[in-house]
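Heads up: the sequence shown runs through residues 122 to 243, numbered per the numbering used here. Each residue gets a CB set at the ideal place from its N, CA and C atoms; glycine is no exception. Just so it is clear, the structure is predicted and the values come from calculations on it, not from any experiment. What follows is a set of notes on a single structure, which appears directly below.
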Amino acid sequence: MVQICEATPEMFANGNGEVFKVYGMISRIFPSDNDVYTACPKCKKKMTEESGGYRCEKGCNEFFETCDFVYMLKAIFMDSGHSVAVTCPREAGEMVTGMPGKEFKSFKETNDLNEIDLYLME
Ligand SMILES: [Zn+2]
């Protein structure tokens with residue numbers, strides 16, 4: 122376990138990233154259009170909407186009527202003294218919002234920004 126301020130660029134220098142644990146909390150979530158993306162059920166790449174479904178242009182190029190909704194949630198994570206911008210992918214996004222990606226997407230479509238902010242602050 123390290124503090125955010127102890128994470129130095131050198132720790133990431135090998136290009137493979139570095140895995141470490143930090144203890145803190147999410148202080149802010151930035152809702153954006155890309156919080157949840159339409160993922161290919163087969164290869165998980167982002168799909169493009171097409172009439173009647175979705176096409177996996179960046180991956181296997183197959184057409185699907187449905188797709189997976191996968192999180193890529195942007196947030197600010199804070200420990201005792203420092204904060205860092207993080208991306209909460211997949212299950213991490215689900216943990217943060219407390220709902221599956223598909224539900225969050227429709228929640229965002231049916232509520233205005235203030236209501237979404239209020240929900241996320243809880
Ligand atoms: Zn695909």
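For residue 225, the uninterrupted alpha helix (DSSP H) segment begins and ends at 222–231. At least one heavy atom of ligand 1 sits closer than 7 angstroms to the Cβ of residue 183. The secondary-structure analysis by DSSP pairs residue 149 across a beta bridge with 197.
Excluding residues up to 5 positions away in sequence, 195, 196 lie with their Cβ nearer than 7 angstroms to the Cβ of residue 151 in the same chain. Not one heavy atom of ligand 1 lies closer than 7 angstroms to the C-beta of residue 188. Spanning the alpha carbons of residue 184 and residue 193 requires a straight line of approximately 22 angstroms.
The Cβ atoms of residue 225 and residue 156 sit closer than 8 angstroms to each other. In this structure, 187 is the residue among 234, 128, 187 with its C-alpha nearest to the C-alpha of residue 163.
Between ligand 1 and residue 164, a heavy atom-to-CB distance of less than 7 angstroms is present.
Between the region 136–148 and the region 197–207, the count of C-beta pairs closer than 8 angstroms reaches three or more; the two stretches touch.
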